[in-house]
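As structure tokens, the structure follows; a few thoughts come after it.
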Amino acid sequence: MDNTPISLLILNGKSADNVPLREAVMAQREKGQDLQVRVTWEKGDAVRYVDEAVQLGAATVIAGGGDGTINEVAAALAQVAQDKRPALGILPLGTANDFATSTSIPEEMDKALALALLGKTTAIDIVRVNDDHYFINMATGGFGTRITTETPERLKAALGGVSYLIHGLMRMDTLKPDRCEIRGEGFQWQGDALVIGIGNGRQAGGGQQLCPDALINDGLLDLRIYTGEELLPALFTTLTHPEDSPNIVDGSSAWFEITAPHDITFNLDGEPLTGQAFRIDVMPHALMCRLPPDCELLK
1 MDNTPISLLI LNGKSADNVP LREAVMAQRE KGQDLQVRVT WEKGDAVRYV
51 DEAVQLGAAT VIAGGGDGTI NEVAAALAQV AQDKRPALGI LPLGTANDFA
101 TSTSIPEEMD KALALALLGK TTAIDIVRVN DDHYFINMAT GGFGTRITTE
151 TPERLKAALG GVSYLIHGLM RMDTLKPDRC EIRGEGFQWQ GDALVIGIGN
201 GRQAGGGQQL CPDALINDGL LDLRIYTGEE LLPALFTTLT HPEDSPNIVD
251 GSSAWFEITA PHDITFNLDG EPLTGQAFRI DVMPHALMCR LPPDCELLK
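Per the UniProt record's numbering, the sequence shown runs over residues 1 to 299.
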């Protein structure tokens, strides 16, 4: 009897014609891996495929795409009963690949797929927002969120992560802070925020290290606020030398509550969520993820 565990690759449809990936999949199958591929077409497909993976008894579900695809797969896995929950593997196929980059996932498809199938599993945190939304990497709010949400797909395809910076400079006329209050364990702040980063991971927006000390298995969230005083200096310091900025407020907590007198939008690994009140909680060690041994986000 063949006891090879089933693995299911959930592939973003934009990457369906990736030749190195096709070659890597075929090579792993020739080595005896039972690797099945499902291609997403629209929102909700990843959830259905995760359900299918559970029904098949898959040992691993691999998210093939950018941060949004990883988030959608991870969120679906977080809602599976723990005793039936497959491990998470990652193939970096997006524009920015912020989570994959910060966790040292290889860029080469053959190496990334081998890691996703055979790598050691490690328990990592995922984050729940307002009970029914999730992120695995980072929630960002403020001007940076508007830029990453509005950057044209063609610009991202042509220039990659730097496209966010270019589009941001083109939209300087829209630069204004969000007034809000943020509370956490032993933390309280109120004021005008130009950029808000709440990190399980460290970077967002194509490589910006918003939460440079975050760890994905410590049961905590890192918070970084770039305050709204002196807007232009704050923005450029954010992009160049954030450690020197007088406009930075840092915090750490297992949860944060954010309230605002007006609608603000947070980007949850690519998923926009708009409202005036947010409750953000860590789910410690909720997922098993196949990561390289040199991953810097593990304590």
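Ideal Cβ placement from N, Cα and C applies to all residues, glycine included.
(Q) Going by beta-carbon coordinates alone, are residue 301 and residue 18 separated by less than 8 Å? (A) No answer is possible for residue 301: it lies beyond the span of the chain, which begins at 1 and ends at 299.
Q: Would you check if the distance between the CB atom of residue 201 and the CB atom of residue 214 is smaller than 8 Å?
A: yes
Q. Could you check where the beta strand (DSSP E) with residue 121 kicks off and where it finishes?
A. 121-129
Q) Cα-Cα, which of 24, 220 and 299 is closest to residue 116? A) 24
Q. Counting Cβ pairs, one atom from each stretch, are 3 or more of them under 8 Å apart for the stretch 87-102 and the stretch 1-17?
A. yes
Q | Helix, strand or coil at residue 209 according to DSSP, with G and I counted as helix | A | strand
Q) Taking C-alpha atoms, which residue in 196, 291 and 22 lies nearest to residue 247? A) 196
Q.
Assuming residue 249 and residue 264 are in contact, meaning their beta carbons sit under 8 Å apart, how far apart are those beta carbons, in whole angstroms?
A. At roughly 16 Å, the Cβ-Cβ gap does not stay under 8 Å, so residue 249 and residue 264 are not in contact.
Q. Can you round the beta-carbon distance between residue 210 and residue 219 to whole angstroms, since I take them to be within the 8 Å contact cut?
A. Contact doesn't hold; Cβ gap of about 19 Å is too wide.
Q) Unbroken beta strand (DSSP E) runs of length 3 or more, entirely within the UniProt domain "DAGKc" (1-133): which are they? A) 6-12, 34-40, 60-65, 87-92 and 121-129
(Q) Please state the DSSP three-state secondary structure of residue 161. (A) Because the pLDDT of residue 161 is 40, which lies under 50, any placement of that residue in the model is unreliable, and the number read from its coordinates should be weighed accordingly. Looking at residue 161 - three-state DSSP - the assignment turns out to be coil, as it is neither helix nor strand.
**Q.** N- and C-terminal bounds of the beta strand (DSSP E) containing residue 136
**A.** Note, residue 136: premise wrong, no beta strand (DSSP E); not H, not E.
Q: Look at the Cβ atom of residue 81, then the Cβ atom of residue 6, and state whether they are nearer than 8 Å.
A: no
(Q) Cutting at 8 Å between CB atoms, please list the residues of its own chain near residue 3, excluding the five before and the five after it. (A) none
Q) Got a sec, what are the start and stop residues for the beta strand (DSSP E) residue 181 sits in? A) 178-184
Q: Examine the Cβ distances between the stretch 39-52 and the stretch 111-130 and report whether three or more of them are shorter than 8 Å.
A: no
Q) Contact check, residue 71 vs residue 136 under 8 Å by CB: the rounded distance? A) 6 Å
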